[in-house]
Amino acid sequence: MGKASRRSRQSASGQRAATPAPAPFVSRPFEGLTGETDWVALREILPAATATVRVTGDAVPEGAAGTATIATVLPLAWPGLHRTDGQVLVATQSGSSTGDASRDLAQVLLATLAAEPGSPVTSTPQATAETPRLQDVLDPSAPFEVTVHEGFDFWVEDVTDLDEEGRASLERANAVAVPTRPLSGVTSAYWCRIGERTHLRWVLPQDEDRATDALARLHAAHDSGLGEGTRLLGAFRACGLLVPVWDLDPTREAADYEDEAAAWLKRYDQALAATEPLTAEERRARSGLLSRQVTLR
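When you line the sequence shown up against full-length UniProt numbering, it's residues 1 to 297, in that order.
Structure representation (structure tokens):
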């Protein structure tokens, strides 16, 4: 019994040693990628958008396509789709099974590249510490440019090829897509219309705590708005970054705010550069902002 018990313990110990460690938590999963703020926007705030990436590295399946399309969502909440035309699509908003969204998405990307054309990827094994991250499989020299779509027609090669049921499903999805427009002249700032109200959501590139301090300085100085008829509502915390949200004048369109956004960015950069401690009024403003922050995870 003693030897058998020792063999059993040794076998269990060997099995544990062979099990990969869980993927570690990463607070800023997209840090180091080209276009970190737009990766966060795709994952957290954009309804229908895509961007193209170039894949590279030893982990990429042999003979796989050299590019892939990163999307917000795919039909039936699929994590990935290898279309019959060879195009590979990966959804950023299909959920995350670990504390590292970069590793989870890389797992889906590699599985979708390896899938047969015409096949969706409906699930993947949970990523581990040994799973490559996006930073390991994407070409850092390739640009990352987001295209915002009015609907989800990008799901298919040709909408006219859909049967009646497929067209009806696509029409239903398009009907609930929130109208969204990027602002020119600044990075990762997106105007949207929700019902009768319009908002601006802007993913800032600095660490969320540093960005909150700068925002508090502006708010205390009554300088956090984007012009007449606007007000700062609060902010999201998303993937380690801060996403301020403004209420806008619903009679104005996205392009009408481009000058105000450029001016606000200059004020924000000045607030970031400040080195003196927050004043009492700025600390109160910071506390108010923190009380209205919502964490997106």
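C-beta: ideal position from N, C-alpha, C; glycine also.
- DSSP, reduced to helix, strand and coil, places residue 34 outside both helices and strands of the structure shown, so it counts as coil.
- Looking at the DSSP output, residue 207 bridges to 241.
- Scanning 169, 87 and 81 for the CA closest to the CA of residue 108 turns up 81.
- Rounded to whole angstroms, the separation of the alpha carbons of residue 76 and residue 289 is 36 Å.
- The secondary-structure analysis by DSSP pairs residue 91 across a beta bridge with 71.
- Here the alpha carbons of residue 177 and residue 197 stand approximately 15 Å from one another.
- Judged by pairs of C-beta atoms under 8 Å, the region 53-67 does not touch the region 215-227, as fewer than three such pairs exist.
- Spanning the alpha carbons of residue 28 and residue 180 requires a straight line of approximately 25 Å.
- The distance from the Cβ of residue 56 to that of residue 187 is about 24 Å, inconsistent with a contact at the 8 Å cut-off.
- Contact check for residue 205 against residue 34 fails: the beta carbons are separated by 8 Å or more.
- Rounded to whole angstroms, residue 233 and residue 152 show a C-alpha spacing of 29 Å.
- Scanning its chain for C-beta atoms nearer than 8 Å, with the 5 sequence neighbours on each side dropped, one finds around residue 117 the residues 82, 83, 84, 85 and 86, in chain order.
- The beta carbons of residue 183 and residue 263 sit no closer together than 8 Å.
- Going by DSSP, residue 280 is part of the alpha helix (DSSP H) stretching over 280-291.
- C-alpha of residue 148 to C-alpha of residue 270: approximately 30 Å in a straight line.
- Taking all protein chains in view, the Cβ of residue 45 is crowded by 16 or more other Cβ atoms within 10 Å, so the residue is classified as buried.
- Under the three-state reduction of DSSP output, residue 76 falls in the helix class.
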